[in-house]
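Below you can see the structure in the form of structure tokens.
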């Protein structure tokens, strides 16, 4: 039973096959303040949807292949450790070629940290599709709290997520990729904030870069605390309640530091 629970937990954080979805945000509407498409009402994965949100048959097949590859990779990495599993072994488990694996995941690390594209898309959509009277910071607050409320893997809080985080912490390669992803998010957010302020998104100024760095650092610190508590064995529901308060305090502090709402 313990093994089955562990395997089940593995499928909820990296390559998610539980409920037949990976990287999708679940059919949720309005959970982040009513902005359509901020984290819900999407039928597919980042990079697989058409302009109207529907998937073609070919895209659905590609998504299922991606799910299968990432799901098998996640189980192998959690069972044996990321650094002890080869891409060729993942390919065999998923019944595809090694070349096919790399077609979907250019780097081995992205097999496990497969939600990085989704995180990028959610940030972009939250800022660009915010309400007319809503600041980028307010939109990001709603997004982050909405993800936590639904126990989305990107919130870092949920049942079984400790297996995922232990695997990351045990692998220097995954930790390095995680740091790189954080830098990527900071750059994307700086460009979005510059764009929102009417500036040049390709060359964000100091104010936009500083605001992005503070926002990303604040959310990262909050998530790190929640992960540490889960790894320490604290009940997930308890962690989630306190995490919501931590995030609110974090964004309150950011609003004071960024009086123009970023």
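Residue numbers (my numbering): 3 to 264. All residues carry an ideal CB built from backbone N, CA and C; glycine is no exception.
Runs of alpha helix (DSSP H) lying entirely within the segment 108 to 141, each at least 4 residues, in chain order: Listed in chain order, the complete alpha helix (DSSP H) runs (minimum 4 residues) inside the segment 108 to 141 are 111 to 114 and 118 to 130.
Leaving out the 5 sequence neighbours to the left and right, which residues in its chain are closer than 6 Å to residue 70 when beta-carbon positions are compared? Answer for residue 70: 96, listed in chain order.
For the candidate residues 151, 118, 91 and 131, whose alpha-carbon lies nearest to that of residue 194? The residue with the shortest Cα to Cα distance from residue 194 is 131.
Between the alpha carbons of residue 149 and residue 247, how many angstroms are there, rounded? The straight-line gap from Cα to Cα measures roughly 14 Å.
Given residue 158, which residues of its chain have a CB within under 7 Å of its CB, disregarding the five upstream and five downstream residues? Only 225, 228 and 229 meet the Cβ criterion.
Buried versus exposed call for residue 72 [16 or more other C-beta atoms within 10 Å across all chains shown]: So residue 72 ends up on the buried side.
Does the beta-carbon of residue 88 have 16 or more other beta-carbons within 10 angstroms, so that it is buried, or is it exposed? Residue 88 comes out exposed.
May I ask you to report which of helix, strand or coil DSSP gives residue 97? The DSSP-derived three-state label of residue 97 is coil.
Candidates 153, 123 and 103, of which the one nearest residue 245 by Cα: Among 153, 123 and 103, the Cα nearest to that of residue 245 is on 153.
Please state whether the Cβ-Cβ distance between residue 121 and residue 142 is less than 9 Å. Residue 142 is positioned such that its CB atom lies no closer than 9 Å to that of residue 121.
Is it the case that the Cβ atoms of residue 84 and residue 169 are separated by a distance below 9 Å? Yes, these two residues count as a Cβ contact at 9 Å.
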